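Okay, structure first, notes after.
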Amino acid sequence: MRLSSLFTFVAGLAVAGGSAYMAREFLESKYAHAAPSQEEVLVDVIVAGRDIALGQTIESHLLTTVAWPVKAAPSGSVTDFNELIPQAGQPPRRARRAISQGEPILISKISDFGEKVTIVQSLSHNHRAMAIKVNAVTAVGGFVTPGDHVDVLLTQGRDESLRTVTILQNTRVIGVDQDADENSDAPEVARTVTVEVLPEDGQKLALAQKAGTLSLALRTVDASNDEPLEAVKLSDVMRELSPVPDQAPSTTIKVRRGVEVTFTEIN
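End of the sequence shown = 267 in UniProt numbering, gap-free, step of one.
The structure is reproduced here in structure tokens:
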């Protein structure tokens with residue numbers, strides 16, 4: 001009887017030990033698979049703590065950090081403040097473009113230490129900056145601001161030869177008078193509007209300003225397909241059309257008098 005009890009006890013220990021071993025193997029395997037992957041590893045990316053204007057000095061109080069997955073971090077982002085803040089006696093870096101609050105600081109959007117920053121840094125590749133003389137009427141009442149897109153219309157001629165033609169479409173505004181801040185949204189009656197154009201379009205603008213009056217048409221923010229537009233002449237606007245179409249439909253009235261029915265047509 002004692003031998004049987006001892007055997008049962010030993011068998012129980014063996015089963016318990018095996019169960020514990022299997023449980024440990026299961027948990028180790030589970031946690032090994034649950035270990036954070038490369039995509040879940042975070043890095044502190046430096047972002048703008050507030051809006052930074054074009055040409056503004058990059059200073060520490062304008063910056064903060066946001067934890068970002070390593071694999072999802074924007075290309076060219078900065079993680080070391082020493083890459084942005086100058087050492088003692090070193091000239092600062094400046095914003096080449098307006099940077100919004102919360103936007104990652106990218107190397108492509110800031111100058112080198114001591115580099116001069118002007119509106120040139122905001123131009124797209126192989127584009128030029130060209131100024132257009134405007135007033136409250138030709139500049140959409142002052143509602144054109146940097147960053148907007150406009151069409152440029154030329155009106156020229158006199159009397160019966162007066163006509164208007166669209167010479168440029170979907171042109172980006174990069175400056176209004178001396179303001180190049182794309183975060184600016186206050187209406188302003190300007191004297192000049194600077195637009196971004198290709199070299200050949202700059203030639204068109206220079207010639208058009210001598211030929212007549214340029215007006216801006218403010219576009220919507222959504223993209224659209226542009227098509228060539230024909231010039232509109234004064235005669236196209238001043239057409240005298242009859243208020244009644246030539247083939248106006250007639251109205252017929254049916255009148256019944258006893259057994260007699262008559263029809264009367266009214267034009």
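Beta carbons: idealized from backbone N, C-alpha and C, even for Gly. Please read all numbers here as calculations on a predicted model, not as lab measurements.
Check                                                                                                                  : Outcome
Inter-residue CB distance, Ile174 and Thr194 (contact presumed, cutoff 8 Å)                                            : 5 Å
Spatial neighbours of residue 295 in its chain, beta-carbon cut-off 7 Å, leaving aside the 5 residues before and after : One cannot answer for residue 295 here, as it falls past the ends of the chain, which runs 1 to 267.
Straight-line Cα distance separating Gly212 from Ser235                                                                : 18 Å
Contacting residues, own chain, Cβ-Cβ under 6 Å from Ser215 (five flanking each side not counted)                      : Thr138, Leu153
Leu198 - DSSP class collapsed to helix/strand/coil                                                                     : coil
Status (buried if at least 16 other CB within 10 Å, exposed otherwise) for residue 304                                 : In the structure as shown, the chain begins at 1 and stops at 267. Residue 304 is therefore absent and cannot be evaluated.
Anticipated Cβ contact below 8 Å, Thr171 with Val140, distance rounded                                                 : 13 Å between Cβ atoms; not a contact.
First through last residue of the beta strand (DSSP E) which encompasses Leu54                                         : No beta strand (DSSP E) holds Leu54; DSSP gives it neither H nor E.
Neighbourhood of Arg97 by C-beta distance below 8 Å, restricted to the same chain and skipping five residues each side : Leu54, Lys109, Gln121, Ser122, Glu182
Inter-residue spacing [alpha-carbon to alpha-carbon] between Val227 and Ala217                                         : Here residue 227 is Glu; the residue named in the question, Val, does not match the sequence. Roughly 15 Å between the two C-alpha positions.
Cβ pair Val78, Ile107 closer than 9 Å                                                                                  : yes
Residues bridged to His125 [DSSP beta-bridge criterion]                                                                : Its beta-bridge partners do not exist; DSSP assigns none.
Helix, strand or coil at Ser215 according to DSSP, with G and I counted as helix                                       : strand
Nearest-angstrom beta carbon gap, Val70 and Gly142 [assumed within contact, 8 Å]                                       : Gly142 to Val70, Cβ: 46 Å. No contact.
Start-to-end residues for the alpha helix (DSSP H) that takes in Val78                                                 : Neither: Val78 is in no alpha helix (DSSP H) and is coded neither H nor E.
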